[in-house]
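What follows is a short report on a single structure.
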DNA sequence: GAGTGGTCTAGACCACGAA
DNA sequence: TCGTGGTCTAGACCACTCT
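Chains as they are written, first to last, in full-length UniProt numbering: chain A, 1 to 257; chain B, 1 to 257.
This is the structure in structure tokens:
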């Protein structure tokens, strides 16, 4: 709103950043376009290269530009979002034979791929244990970790936790869980999904997440802690979704009253 | 996961950052605790001060630490989240006489304050116009902008958009909208809220938002584009919520099928 | 006043990408 | 090969906080 006068006392690095930001917002620097090089900016503003570099760092922290080593700094292109709707858990969608992720990817003409990273018995993290109703000090859960790709680009990390005593010896500990996926198997175990609870936060990625998701700086992740409750209001599955925020939108539709 | 061996070829700044990150995760550096000063780190690792500084910058980008000018760099303390539940739009809650925000703040023993920043007639942004079903090339909406504070700390920016032709001349253009707030007035205009649609994304804040919300670096915002639909499935109110992500969690509970 | 982070300089060498 | 960003050095001065 108030441009707050990038006046004389604002340091050069911010001045440069302000100018570039304005140029980007005004469209003078279009998405995908290359910014002047650090050395050029430095000369143009009569500063040291590090000062121009600091300006660009500020922009990249804001998610406006991405540096590509060896080739330049570019205005980031707005990404089309994968819209994950609140109907993604519904049985109707399940019966298409496509998982919600595949469905959404297909809608955008992208190829979905899911990589099974790990299927292990573990001690659950505290927040998972609380929600699943199991002990955090025992190896009480089966942990399935998957990475999801759209057109070979990683877009989400999913960690699913199930009670070990239920999963043990079933297809749930196999890479391929069969028709309708894990929810199909869980239904056979007597769990009809009747209510889901999604707890949503956002934060900056850990270095490990940034590596897996191939995240440039200035892109946060959305974390969804998802709990499935059955016909007896018992939680039977908890998952942690970590989405790259520049590729993902969530959509919740709910009746009021 | 794989610590990926912070080996000999990783640059000193990352090495320092890795070490500090490990110390924080292990609890050797507790939340609220002060890190060694940049000059101390530089000496300890035998580098220039700028290199130690770069390490700290990496951590602050990850949201792990906050620098306080003149006093030091501190491990960020986990904040208790304001949990905004999907029942926040329900009439039942409305009838407590407290807005959802006041309700949640009260639950945490915090004092809520709402500041009316602007009430103006405007041309709506494109995304708002689409959802409200009005023209984007005319001054077709009333825009109410509010800032929300918990214990005098800003936590969200809310921009509410209503059709100008409806709002004009009613209490909706007043700072105080009367009993049950704007939804009370909109109900008098014949709009019963029957369905809400929330579209959720996360991103880094703009400089203006960072200023209003008093955001340290490494803290993203959650943006919720909220649409209220009435008994005829017509949208009658669209709001954009911008929450600081380190203070806000969203909670959606929904029946399946 | 002493110690802290914030900003800047004027260099240097390296790693990567495109031609 | 050349231009780009990535990292680093060894200084400097300023602005802020705390005591």
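Idealized CB from N, CA, C, for every residue including glycine.
For residue 106 (chain A), the uninterrupted alpha helix (DSSP H) segment begins and ends at 100–107. The straight-line gap separating the alpha-carbon atoms of residue 129 (chain B) and residue 138 (chain B) is approximately 10 Å. Between residue 204 (chain B) and residue 216 (chain B), the C-beta gap is not smaller than 8 Å, which leaves the two residues out of contact.
Contacts with chain B at 8 Å (Cβ-Cβ) include residue 253 (chain A). Closest in alpha carbon position to residue 147 (chain B), among B:141, B:72 and B:160, is B:160.
Interface flag for residue 198 (chain A) against chain B is set, since a Cβ pair is found closer than 8 Å. In the structure shown, residue 168 (chain B) falls within a coil segment according to DSSP collapsed to helix, strand and coil. Chain B places no beta carbon closer than 8 Å to that of residue 116 (chain A), leaving this residue out of the contacts. For residue 13 (chain B), the uninterrupted alpha helix (DSSP H) segment begins and ends at 12–26. Around the beta-carbon of residue 53 (chain A), 16 or more other beta-carbon atoms lie within 10 Å, marking it buried. The beta carbon of residue 32 (chain B) is closer than 7 Å to those of 74, 75 and 77 in its chain, skipping five residues each way along the sequence. Chain-order list of chain A residues neighbouring residue 250 (chain B): 200, by C-beta distance under 7 Å. If you keep only unbroken alpha helix (DSSP H) runs of at least 4 residues inside the stretch 45–85 of chain B, you get 49–61. The shortest CA-to-CA distance from residue 18 (chain A) to any of B:237, B:231, B:230 and B:206 is the one to B:206. Proximity of chain A to residue 220 (chain B) at the Cβ level (cut-off 8 Å) is accounted for by 202, 203, 204, 220 and 245, in chain order. Contact annotation: residue 198 (chain A) and residue 45 (chain B) have beta-carbon atoms that are not nearer than 8 Å. In this structure, the CA atom of residue 247 (chain A) is about 30 Å from the CA atom of residue 193 (chain B).
For residue 121 (chain B), the uninterrupted beta strand (DSSP E) segment begins and ends at 112–122. Using a Cβ-Cβ distance cut-off of 8 Å, the stretch 183–191 of chain A and the stretch 230–247 of chain A are in contact, since at least three pairs of beta carbons, one from each stretch, lie closer than that value.
Counting along the chain, residue 127 (chain B) sits inside the alpha helix (DSSP H) bounded by residues 126–132. Counting of Cβ neighbours within 10 angstroms places residue 118 (chain B) among the exposed residues, the total staying below 16. In chain order, 217 and 218 place their CB closer than 8 Å to the CB of residue 61 (chain A), counting only its own chain and leaving out the 5 sequence neighbours on each side. DSSP places residue 213 (chain B) in the uninterrupted alpha helix (DSSP H) bounded by 207–213. For residue 158 (chain B), the pairing in a beta bridge is given by DSSP as B:146 and B:241. When C-beta atoms of the stretch 171–184 of chain A are compared with those of the stretch 147–158 of chain A, fewer than three pairs fall below 8 Å, so the two segments do not count as touching. In the DSSP assignment, residue 255 (chain A) is bridged to B:195. A straight-line Cα-Cα distance of about 40 Å links residue 125 (chain A) and residue 55 (chain A). Boundaries for residue 152 (chain A): no beta strand (DSSP E) harbours it, and the DSSP string shows neither H nor E there.
Nearest neighbour of residue 47 (chain A) by Cα position, chosen from A:144, A:135, A:211 and A:14, turns out to be A:14. Close to chain A, meaning a Cβ-Cβ distance shorter than 7 Å, are the following residues of the UniProt domain "HTH gntR-type" (10–78) of chain B: 61, 62 and 63.
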